[in-house]
């Protein structure tokens, strides 16, 4: 089943159509995922790891993070030819989703970004990837009336990647906060 779905996805060029296809096929994997997560065997499972990525692409972020939590706990590797670690893949894919959704004025929920950060904080990954996750977490904190946390997240993003694109946001937040006398 997985191989057929992968072949079908390769034939599609549109990311939007791929996401729609993934939304259509993901229910077929629910029993498998539930059984694996319930069993807690910790055995490498490429089907599970593909489903995790597909859930992100299909917009099922909470479901993807449930798998990510299991995968990180049991140190599962990304499938196939992927060179990214699982922690890096989760952080990068969620940050990319946050970027795309922010651009169309449908931001990811703060809880999803915070959970992603919590799950991946101890994972090794390129600084630019972690900086992007901090950036979108900071924007979400700002939008959820958490200016001090937002400033801290954006400052951390800037410390990790000076080109992350948060300098003006940091200045605005710093001006809006009462000065520490």
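In the numbering used here, the protein residues as written are 930 to 1110. Beta carbons: idealized from backbone N, C-alpha and C, even for Gly.
| said: For a quick check, are the C-beta atoms of residue 950 and residue 937 less than 9 Å apart? | reply: Residue 950 sits at position 21 when you count from the first residue of the chain shown. Residue 937 sits at position 8 when you count from the first residue of the chain shown. Taking 9 Å as the Cβ cut-off, residue 950 and residue 937 qualify as a contacting pair.
| message | Less than 7 Å between C-beta atoms, sequence neighbours within five positions excluded: which residues of the same chain meet that for residue 1110? | response | Position 181 of the chain shown, counting from 1, holds the residue named residue 1110. Note that residue 1110 has pLDDT 46, beneath the 50 cutoff, so the model's placement of it is unreliable and the number below is only indicative. Closer than 7 Å at the Cβ level, and outside the excluded window around residue 1110, lies no residue.
| query | Nearest to residue 1014 by CA position, among 978, 986 and 1068, is which residue? | reply | Against the chain shown, residue 1014 aligns to sequence position 85. The shortest C-alpha separation from residue 1014 is found at 978.
| query | Could you give the residue range of the alpha helix (DSSP H) that holds residue 1042? | reply | One-based indexing of the chain shown puts residue 1042 at position 113. Residue 1042 -> alpha helix (DSSP H) spans 1039-1049.
| request: Figure out for me which residue from 943, 955, 1006 and 952 has the closest Cα to the Cα of residue 971. | output: Looking up residue 971 in the chain shown gives position 42. Among 943, 955, 1006 and 952, the Cα nearest to that of residue 971 is on 1006.
| task | Using only alpha-carbon positions, find the residue among 1072, 992 and 964 that is nearest to residue 1031. | result | The sequence position of residue 1031 within the chain shown is 102, counting from 1. For residue 1031, the nearest C-alpha among the options comes from 1072.
| request: Assign residue 1009 to one of two classes, buried (16 or more other C-beta atoms within 10 Å of its C-beta) or exposed (fewer than that). | output: In the chain shown, counting from the first residue as 1, residue 1009 sits at position 80. Burial call: exposed.
| request: With distances taken Cα to Cα, identify the nearest neighbour of residue 1048 among 1034, 1036 and 1018. | output: Locating residue 1048 in the chain shown gives position 119, counting from the first residue. Checking every option, the nearest Cα to that of residue 1048 belongs to 1018.
| query | Residues in its own chain within less than 6 Å of residue 986 by CB, not counting five upstream and five downstream? | reply | Here residue 986 refers to the residue found at position 57 of the chain shown. Once the five neighbours on either side are set aside, the close Cβ partners of residue 986 are 948 and 951.
| Straight-line gap, residue 1021 to residue 1044 (C-alpha atoms, nearest Å) | Translated into the one-based positions of the chain shown, residue 1021 becomes position 92. Translated into the one-based positions of the chain shown, residue 1044 becomes position 115. If I take the Cα positions, the gap works out to 14 Å.
| request: Compare the C-alpha of residue 995 against each of 1012, 962 and 975 and name the closest. | output: In the chain shown, residue 995 corresponds to position 66, counting from 1. Among 1012, 962 and 975, the Cα nearest to that of residue 995 is on 962.
| task | Mind reading off the beta-carbon distance from residue 1028 to residue 1065? Whole number of angstroms is fine, and I expect it under 8 Å. | result | Residue 1028 sits at position 99 when you count from the first residue of the chain shown. Residue 1065 sits at position 136 when you count from the first residue of the chain shown. Residue 1028 to residue 1065, Cβ: 7 Å. Contact.
| said: Tell me the residue span of the alpha helix (DSSP H) that contains residue 1076. | reply: As a working mapping, residue 1076 is identified with position 147 in the chain shown. 1076-1089 is the span of the alpha helix (DSSP H), which, as asked, contains residue 1076.
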